[in-house]
Amino acid sequence: MIIEFYVLDVEASPRGWVKLCNLIENFYKSHDTLFILQDDEHAVEQLDRLLWTYKDDSFIPHQRYKLDDVNPAPIQLGVQLPPGKEQGTFINLTLAVPASYQTYSKVIEIVFEDPANKKAARIRYRQYLQDNCKISTQTIKTNY
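Counted the way the working numbering counts, the sequence shown spans residues 682 to 825.
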């Protein structure tokens, strides 16, 4: 199990969400499929809208997760991880470690600059250590 923490030097603000969209676009280019987990439907709706509009020259094929979808987009957005075995990569935008995270081969943790987000990330980091996961951390600097 691989866990990658990406520590952003911005808060969870409009600027931070644009940086997140850039990361999602890069992750999409290097992974077959992604599932992006969020805390609530409002957050899913906001990210859904932003992924369509944040940059004029990009295309990030995504949709909200539907259990019965036979031909899903490469990027799925939702509030709970889909059931199943041996899945690819998911991006955790929640403040907790999801119960079924171990069904994925890789977890990408996004850490924004604000104190509450960092505190929750430290708790998740300790949980992954206790679960004997292989963890890496990368600091992402914004260019603006």
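The C-beta atom is built at its ideal place from N, Cα and C for all residues, glycine as well.
Starting from residue i, trace the alpha helix (DSSP H) both ways and give me its first and last residue.
| i | result |
| --- | --- |
| F771 | Not the alpha helix (DSSP H): F771 falls in the beta strand (DSSP E), residues 768-773. |
| Y809 | 796-811 |
Does residue i pass the burial test, meaning 16 or more other C-beta atoms within 10 Å, or should it be called exposed?
| i | result |
| --- | --- |
| I804 | exposed |
| V725 | buried |
| F716 | buried |
| F740 | exposed |
| L810 | exposed |
| L748 | exposed |
| Q783 | exposed |
| A780 | exposed |
| N773 | buried |
| T820 | exposed |
| G765 | exposed |
| T770 | buried |
| Q719 | buried |
| K700 | buried |
Go ahead and pull the three-state DSSP assignment for residue i.
| i | result |
| --- | --- |
| K822 | coil |
| L689 | strand |
Could you tell me whether the Cβ atoms of residue i and residue j are closer together than 9 Å?
| i | j | result |
| --- | --- | --- |
| L776 | N798 | yes |
| L689 | E790 | no |
| L758 | Y746 | yes |
| P742 | P755 | yes |
Starting from residue i and walking both ways along the beta strand (DSSP E), at which residues does that stretch end?
| i | result |
| --- | --- |
| S786 | 785-792 |
* **Runs of alpha helix (DSSP H) wholly within the stretch 692-771 (minimum 4 residues, chain order)** => 695-711, 722-734
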